[in-house]
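Residues 388 to 583 (my numbering) are what the sequence shown spells out, left to right.
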Amino acid sequence: MHEIKLWDNMPKRNKYILGVTSLWMMIPIINTNISYLSGLLGAVCAASTLFWFDPHQNSLLHKADKYLSTNFTITLFIYTIFDIINNNSSILLFSSLSGTTCMFYIISYNYFESEMHNYQLIAHLLFRYSIFLWSYMIMVQSKNIQNEILVVTIGYSINVSVMIFLKSWKNYSYWNNCIATSLLVMGTDLIKLYKS
């Protein structure tokens, strides 16, 4: 019962920002040849975007979001181990990314339980960004990965900043923001490809 009340107390703005920013995970989906990870991440992206529109504890969308996200993270971890073994990838880099991802998730959850909504929002956005970086580095094989990540980081930061600094979400449509963010994501991806 306590956790249901926590969901109700979360500001609508925070719920919307968390839902809309899920769409940034489309970039690794669009740019990978790893179909299983792409399909799984696509399902996570869809479930998360739909769930955060009107989140309810233990709803079908909540369970789907948790299950798919957990499954994706475990699968990504397995792919990471194979990448380290087969491609001599950096153990330090990937252990840092996976550790940072877990750390921000735990911090976000603790802020959620403490009803520190703005801190929870920032921690969850950092968690998302961390898992985005991790996903991108495993899923997208690119020789120019640093520049690509820089372009995406700028687009993501602009999107998040605009949404955070909107005074009220009463006059904004969640679905219109999803469309606008999807266009920004695709535009950012095109710029990234052009710069490569």
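In this text, a Cβ means the ideal position worked out from N, Cα and C, and glycines have one as well.
DSSP places Trp521 in the uninterrupted alpha helix (DSSP H) bounded by His504 to Met526. Tyr559 sits in coil when the DSSP states are folded into three classes, being neither helix nor strand. Ile414 carries a helical assignment under DSSP once its states are collapsed to helix, strand and coil.
Cβ contact annotation for Ser425 (same chain, cutoff 6 angstroms, sequence separation greater than five): Ile416 and Thr419, in chain order.
Ile493: member of the alpha helix (DSSP H) spanning Ile478 to Glu500, first to last residue. Annotation: Phe440 to Lys399 spans about 9 angstroms, alpha carbon to alpha carbon.
Note that the C-beta distance between Ile518 and Met524 is not below 8 angstroms. With contacts defined as CB atoms closer than 8 angstroms, Leu571 and Phe499 fail to qualify as a contacting pair. Boundaries of the alpha helix (DSSP H) harbouring Gln533: Ile532 to Phe552, taken from the DSSP string. Counting of Cβ neighbours within 10 angstroms places Val407 among the buried residues, the total reaching 16 or more.
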